[in-house]
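Visitor:
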Amino acid sequence: MWQIVKWFLLIITLLLLGIILIAFVYYHLYMQMNPKTRAAAESAFQSGVTIEDEQNDFVMMETNKEEPNENNPSPYRLQYLDIKLLQLGADDNYIYYKVTFQEMIPRSGTKVGNDQILDPGMKLNLVDNQNQDYAILDLGYSYLPLGLSNIGTYYFYGPTGIIWPEEKRFLHQDHDSKIFGGPGYEYVMGAFPLKKLGLSINQEVNLALSIEARSRKYSHAAVDNLGGEGKIPGIITWKIGSKQFVIDNQRRGQGY
399 MWQIVKWFLL IITLLLLGII LIAFVYYHLY MQMNPKTRAA AESAFQSGVT
449 IEDEQNDFVM METNKEEPNE NNPSPYRLQY LDIKLLQLGA DDNYIYYKVT
499 FQEMIPRSGT KVGNDQILDP GMKLNLVDNQ NQDYAILDLG YSYLPLGLSN
549 IGTYYFYGPT GIIWPEEKRF LHQDHDSKIF GGPGYEYVMG AFPLKKLGLS
599 INQEVNLALS IEARSRKYSH AAVDNLGGEG KIPGIITWKI GSKQFVIDNQ
649 RRGQGY
């Protein structure tokens, strides 16, 4: 009987390891930006904009009485979750964005007391003139067992007009975007198909950037927004491919 149990546990362990390995290979090979795409992104950033964020400006959130583990009332002030810079760029194929943090992202999840960071993610929301999302460009990474980590990206587009439930807000969720960075780097950057999103060079768009980190204890262990006030991120108005932008109704430009 004990031999059967040992074989059963061995098979389960091997299956789990196989699933982890497949996920690791998928996220690190298929979704990862190749050197050509990374070079194109860096070139696009040179022609685009760089926007600085204030340091240690994490969002203070109230405890949700119905879900006490949703919001951390004392956000974990970890420098690798603190936005330093946002870079935006575009070419005929992709819209790119790159988020640089105050320090290098660790290769394993940080422990904070009896809690541990699991999977930080960032979203660049495209919003209309009524501040309603019409696309969300997602980049993120997560920590796996055995000291492994993975990176992942996807994007939503095609708003339905439905606000709730959240999974019905958009017609499409696609995974052909690309990502690079994450654990071991100071940044995360991604590439999203320009035309598929209905965008074009010189088109004016409104954008908002936020990062949320989930931990074992909290859904929102730490939240940082670029600009804005309180829980609301700043609205960036950018002419795609240009060096001019407006954030929080303050016009700014970069001539370099």
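So the sequence shown is numbered by this note's numbering: it starts at 399 and just counts up by one. Beta carbons: idealized from backbone N, C-alpha and C, even for Gly.
Under the assumption that Lys482 contacts Thr498 (Cβ atoms under 8 Å), give the Cβ distance between them as a whole number of angstroms.
Guide: Indexing the sequence shown from 1 puts residue 482 at position 84. Indexing the sequence shown from 1 puts residue 498 at position 100. That pair is a contact at about 5 Å.
Visitor: Would a C-beta distance cut-off of 8 Å place Ala589 and Ser575 closer than the cut-off?
Guide: Counted from its first residue, the sequence shown places residue 589 at position 191. Counted from its first residue, the sequence shown places residue 575 at position 177. Taking 8 Å as the Cβ cut-off, Ala589 and Ser575 qualify as a contacting pair.
Visitor: Rounding to the nearest angstrom, what Cα-Cα distance links Glu564 and Trp405 in this structure?
Guide: Position 166 of the sequence shown holds residue 564. Position 7 of the sequence shown holds residue 405. In a straight line, the C-alpha of Glu564 is about 42 Å away from that of Trp405.
Visitor: Under 8 Å, do His570 and Gly556 count as touching if we go by C-beta distance?
Guide: If you number the sequence shown from 1, residue 570 lands on position 172. If you number the sequence shown from 1, residue 556 lands on position 158. Contact: yes.
Visitor: For Ile409, which three-state DSSP category applies?
Guide: Along the sequence shown, read from residue 1 onward, the residue named residue 409 stands at position 11. Reduced to three states, the DSSP call for Ile409 is helix.
Visitor: So what does DSSP say about Arg649, is it helix, strand or coil?
Guide: Start at 1 with the first residue of the sequence shown, and residue 649 comes out as number 251. Bear in mind that the predicted position of Arg649 carries a pLDDT of just 47, short of 50, making it too unreliable to give a figure here.
Visitor: Do you know offhand how far Gly632's Cα is from Asp646's?
Guide: Position 234 of the sequence shown, counted from the first residue, corresponds to residue 632. Position 248 of the sequence shown, counted from the first residue, corresponds to residue 646. Near 5 Å, if we compare the C-alpha coordinates of Asp646 and Gly632.
Visitor: Could you spell out where the alpha helix (DSSP H) holding Arg475 opens and where it closes?
Guide: The residue given as residue 475 occupies position 77 in the sequence shown. Note, Arg475: premise wrong, no alpha helix (DSSP H); not H, not E.
Visitor: Please classify Gly487: does DSSP put it in a helix, a strand, or coil?
Guide: The residue labelled residue 487 in the question sits at position 89 within the sequence shown. In this structure, Gly487 counts as strand in the three-state DSSP scheme.
Visitor: Identify, in the order they occur along the chain, each residue of the same chain with its Cβ nearer than 7 Å to the Cβ of Ala533, setting aside the five sequence neighbours on each side.
Guide: Taking the sequence shown and counting its residues from 1, the one referred to as residue 533 is at position 135. Excluding sequence neighbours, Ala533 sits near Leu524, Tyr553, Phe554, Tyr555 and Leu595.
Visitor: Taking Leu544 as the reference, give the member of Ser441, Gly507 and Ala620 with the closest Cα.
Guide: As a first step, residue 544 is located in the sequence shown; it is residue number 146 there, counting from the start. With distances taken between Cα atoms, Leu544 lies closest to Gly507.
Visitor: Reducing DSSP to helix, strand and coil, say where Trp564 ends up.
Guide: As a position in the sequence shown, residue 564 is number 166, starting the count at 1. According to the sequence displayed, residue 564 carries Glu and not Trp. Reduced to three states, the DSSP call for Glu564 is helix.
Visitor: For Gln500, name the three-state secondary structure that DSSP assigns.
Guide: Position 102 of the sequence shown, counting from 1, holds the residue named residue 500. Three-state result, Gln500: coil.
Visitor: Quick one: what's got a C-beta closer than 8 Å to Pro471's C-beta in the same chain, skipping five residues either side?
Guide: Reading the sequence shown from its first residue, position 73 is the one you call residue 471. Only Met458, Met459, Glu460 and Thr461 meet the Cβ criterion.
Visitor: Taking DSSP's pairing of strands, which residues face Lys637 in a bridge?
Guide: For the purposes of this step, residue 637 is taken as residue 239 along the sequence shown, with counting starting at 1. Paired residue(s): Glu602.
Visitor: Going straight from the alpha carbon of Met431 to that of Ala437, what length do you get?
Guide: Taking the sequence shown and counting its residues from 1, one reaches residue 431 at position 33. Taking the sequence shown and counting its residues from 1, one reaches residue 437 at position 39. In a straight line, the C-alpha of Met431 is about 10 Å away from that of Ala437.
Visitor: Quick one: Cα of Ser445 to Cα of Gln485, how far?
Guide: Within the sequence shown, residue 445 is the residue found at index 47, counting from 1. Within the sequence shown, residue 485 is the residue found at index 87, counting from 1. So the two alpha carbons sit approximately 10 Å from each other.
Visitor: Are any of the Cβ atoms in chain B nearer than 8 Å to that of Gly579?
Guide: In the structure shown, chain B does not exist; there is a single protein chain.
Visitor: Tell me which residues share the same chain as Asn600 and place their Cβ nearer than 8 Å to its Cβ, disregarding the 5 neighbours each side in the sequence.
Guide: Position 202 of the sequence shown, counted from the start, is the residue given in the question as residue 600. Correct list, in chain order: Lys637, Ile638, Gly639 and Ser640.
Visitor: If you compare alpha carbons, which of Tyr478, Lys509, Leu522 and Val510 is closest to Tyr494?
Guide: In the sequence shown, counting from the first residue as 1, residue 494 sits at position 96. The shortest C-alpha separation from Tyr494 is found at Leu522.
Visitor: CB Gln453 to CB Asp489, shorter than 8 Å?
Guide: Taking the first residue of the sequence shown as position 1, residue 453 is located at position 55. Taking the first residue of the sequence shown as position 1, residue 489 is located at position 91. No, they are not a contact pair.
Visitor: Measuring only the C-alpha atoms, how far is Lys566 from Thr435?
Guide: Within the sequence shown, numbered from 1, the residue matching residue 566 stands at position 168. Within the sequence shown, numbered from 1, the residue matching residue 435 stands at position 37. Those two C-alpha atoms are separated by around 32 Å.
Visitor: Restricting to Cα atoms, I'd like to know which of Gly582, Gln642 and Asn529 is closest to Ile561.
Guide: Counting from one through the sequence shown, the residue named residue 561 turns up at place 163. For the residues Gly582, Gln642 and Asn529, the minimum Cα distance to Ile561 belongs to Asn529.
Visitor: For Glu610, which three-state DSSP category applies?
Guide: In the sequence shown, residue 610 corresponds to position 212, counting from 1. Strand, per DSSP.
Visitor: Tell me, to the nearest whole angstrom, how far the beta carbon of Ile503 is from that of Tyr583; I am working on the premise that it is less than 8 Å.
Guide: Numbered from 1 along the sequence shown, position 105 holds the residue referred to as residue 503. Numbered from 1 along the sequence shown, position 185 holds the residue referred to as residue 583. Sure, about 6 Å apart at Cβ, within 8 Å.
Visitor: So, at 7 Å on beta carbons, what are the nonlocal neighbours of Arg649 in its own chain, with the 5 sequence-adjacent residues on each side left out?
Guide: Taking the first residue of the sequence shown as 1, we reach residue 649 at position 251. Reliability of the predicted coordinates at Arg649 is poor, the pLDDT of 47 falling under 50, and the value obtained from them is presented with this limitation in mind. Cβ within range, chain order: n/a, list empty.
Visitor: Following the continuous beta strand (DSSP E) through Ser540, name the residue where it begins and the one where it ends.
Guide: As a working mapping, residue 540 is identified with position 142 in the sequence shown. Ser540 -> beta strand (DSSP E) spans Asp531 to Tyr541.
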